[in-house]
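One structure is given below, encoded as structure tokens.
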């Protein structure tokens, strides 16, 4: 695959009702804001919120699917800017911002169904 | 109360995590990632890696064993009720494979005291059983005050 500056790719992921529970079990992050809807309501979140690192994993999958080999991903970073709720749909759009010295830099836009950026400053580096 | 900046540079004891193949599969399913590199034994055997590999973000699973002691650190005394994960950076070197023993160390790389919040950053370095770097993580947490 020839990777060029300006190239884009997209993907989306529906956050099913129990996703935060699956992620809690797999990752060990059992913070009550992720697994207890009553607690989530009590602290003003309106229910449980998805672990930010799970949203980051969704964004990362978009990049590794595009690259075809998970080992080509060299770096990814993000800021957690808004909570992701169960039943949200997360859309990811990657844009190659630069290709240099065997590395493609990719900027990612990660938004929910209302267009709110749930992650910001999402940047990845992929071997090409 | 602000987090004391004297803790910048504080290190935490190394932790070694054995990467289980079934744990990789459980994690890959939890992040809804059916990539055969993580889930399909036959595919994995024929791949250039020769066995099941972990998704890059699996680094936060073994990394969590270093985050917990920081959160529990009585001397540092973080207000966990006010703490949120602000930013995350992950760098990847050698690919993590099923059966690897990953040793991770952690240090507090930065503490910033602001008017309404504190920011604390942790740097984690992970190596495999061959002494090769597998990942570096920077975890940034925000504590409102």
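Chains as they are written, first to last, in our numbering: chain S, 1 to 128; chain Y, 1 to 145.
Glycine residues also receive a C-beta, built at the ideal position from the N, C-alpha and C atoms.
- Around the C-beta of residue 19 (chain S), 16 or more other C-beta atoms lie within 10 Å, and the residue is accordingly described as buried.
- Here DSSP, grouped into helix, strand and coil, assigns residue 23 (chain S) to helix.
- Distance from the Cα of residue 58 (chain S) is smallest, within the candidate group S:110, S:2 and S:116, for S:110.
- Note that the C-beta distance between residue 84 (chain Y) and residue 53 (chain Y) is not below 8 Å.
- Under DSSP, the beta-bridge partners assigned to residue 92 (chain S) are S:11 and S:110.
- Its Cα nearest to that of residue 19 (chain Y), the residue Y:98 stands out among Y:98, Y:92, Y:81 and Y:88.
- For residue 45 (chain Y), the enclosing alpha helix (DSSP H) has its first and last residue at 41–46.
- Using a Cβ-Cβ cut-off of 8 Å, residue 113 (chain Y) does not count as an interface residue toward chain S, since no Cβ of chain S sits closer than that to its own.
- In this structure, residue 77 (chain S) lies away from residue 117 (chain S), with their beta-carbon atoms at least 8 Å apart.
- For residue 73 (chain S), the neighbours in chain Y by C-beta distance under 8 Å run, in chain order, 56 and 92.
- Here the alpha carbons of residue 29 (chain S) and residue 21 (chain Y) stand approximately 20 Å from one another.
- Along the region 1–32 of chain S, going in chain order, the ones with a CB nearer than 8 Å to a CB of chain Y are 13, 19, 22, 23, 25, 26, 27, 28 and 29.
- The Cβ neighbour count for residue 2 (chain Y), taken over all protein chains shown within 10 Å, is under 16; the residue is labelled exposed.
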